[in-house]
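Chemist:
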Amino acid sequence: MKVEDTKTVTGSVMMPSQANPNGNVFGGEIMKMMDSAAYACSLRYAHSNVVTARVDELEFHKPIFIGDLVTCTAKVVFVGHTSMEVFVNVEVQDMEREDKPERALTAYFTMVALDRNGRPHTVQPLEVVTNEEKEEFDAGRRRYEAHKAAKRAAVAKKAESKSAPAKK
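And the structure:
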């Protein structure tokens, strides 16, 4: 499947129940929308159930208020053996003005494909076509490898501390 075929767009108008008394929408509300967009995108790609394994580099760029239209655009940018990295871009638009949508948040979600028994299963390779897609794929691979290396180091450190003699 091509990167462009994974693009998934969701949107919603922000309501008072999603905000604090000053009208600022809670970050958790937007994160939930982003997670749902990443889920729909990776579900479309994997053709199986998926779960969120990690969220990296969540960046808040602009506040969101009650009445704003929030649009989440998700796309698969990297694929491993059983996991997919999905980039989610959130745009906000004040509907009372004629302003153009502006970037509000971005994040990378790592989603894992599961079989019917809840075990990770292989996903198809991602077909990258443009130079931009290749750069995003390579950056995703670097994040994937860095995370795996950090995880291995943490496991080794934990094993080392268990085998070290107790201090008195």
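When the sequence shown is numbered by our numbering, its final residue is 175 and no position is left out of the sequence of numbers.
Think of the CB as a built atom: it goes at the ideal place given N, C-alpha and C, for glycine as much as any other residue.
Remember, predicted model here, so these are calculated numbers, not experimental data.
DSSP beta-bridge partners for V93?
Modeler: Partner(s): V83 and F116.
Chemist: Name the DSSP beta bridge partners of N56, please?
Modeler: Answer is L121, bridged to N56.
Chemist: Tell me whether V136 sits in a helix, a strand or coil according to DSSP, three-state version.
Modeler: Residue state, collapsed to three classes: coil.
Chemist: Determine the direct distance from the alpha carbon of F116 to that of A92, and round the result to whole angstroms.
Modeler: At residue 92 the sequence reads Glu, which differs from the Ala that was named. Looking at the two C-alpha atoms, the distance is approximately 6 angstroms.
Chemist: Are there 16 or more other CB atoms within 10 angstroms of the CB of A44, so buried, or fewer, so exposed?
Modeler: Classification of A44: buried, given that the 10 Å Cβ count is 16 or more.
Chemist: Going by DSSP, which residues form a beta bridge with Q100?
Modeler: Looking at the DSSP assignment, Q100 forms a beta bridge with L76.
Chemist: So if DSSP puts K9 in a beta bridge, which residue, or which two residues, is it bridged to?
Modeler: DSSP, once it has assigned bridges, lists E134 as partnering K9.
Chemist: Mark E98 as exposed unless 16 or more other C-beta atoms lie within 10 angstroms of its C-beta, in which case mark it buried.
Modeler: Under this definition E98 is a buried residue.
Chemist: Quick check on DSSP: helix, strand or coil for P108?
Modeler: Reduced to three states, the DSSP call for P108 is coil.
Chemist: Ignore the nearest five residues each way along the sequence and tell me which others in T113's own chain have a CB closer than 6 angstroms to its CB.
Modeler: The residues are E66 and N96.
Chemist: Which residues share a DSSP beta bridge with P127?
Modeler: Note: P127 sits in a beta bridge opposite L121.
Chemist: Please classify G35: is it buried, with 16 or more other beta-carbons within 10 angstroms of its beta-carbon, or exposed?
Modeler: Exposed.
Chemist: Assign D145 to one of two classes, buried (16 or more other C-beta atoms within 10 Å of its C-beta) or exposed (fewer than that).
Modeler: Classification for D145: exposed.
Chemist: Out of curiosity, what's the CA-to-CA distance linking M40 and G74?
Modeler: Distance between the alpha carbons of M40 and G74: 16 angstroms.
Chemist: What would DSSP say about F67, mapped onto helix, strand or coil?
Modeler: In this structure, F67 counts as strand in the three-state DSSP scheme.
Chemist: Alpha carbons only, please: which of R148, T89, E167 and D63 is nearest the one belonging to R126?
Modeler: R126 has its Cα closest to that of T89, out of R148, T89, E167 and D63.
Chemist: My understanding is that I71 touches V32, with C-beta atoms under 8 angstroms, so please give their C-beta distance in whole angstroms.
Modeler: Going by Cβ atoms, the distance from I71 to V32 rounds to 4 angstroms, so yes, they are a contact pair.
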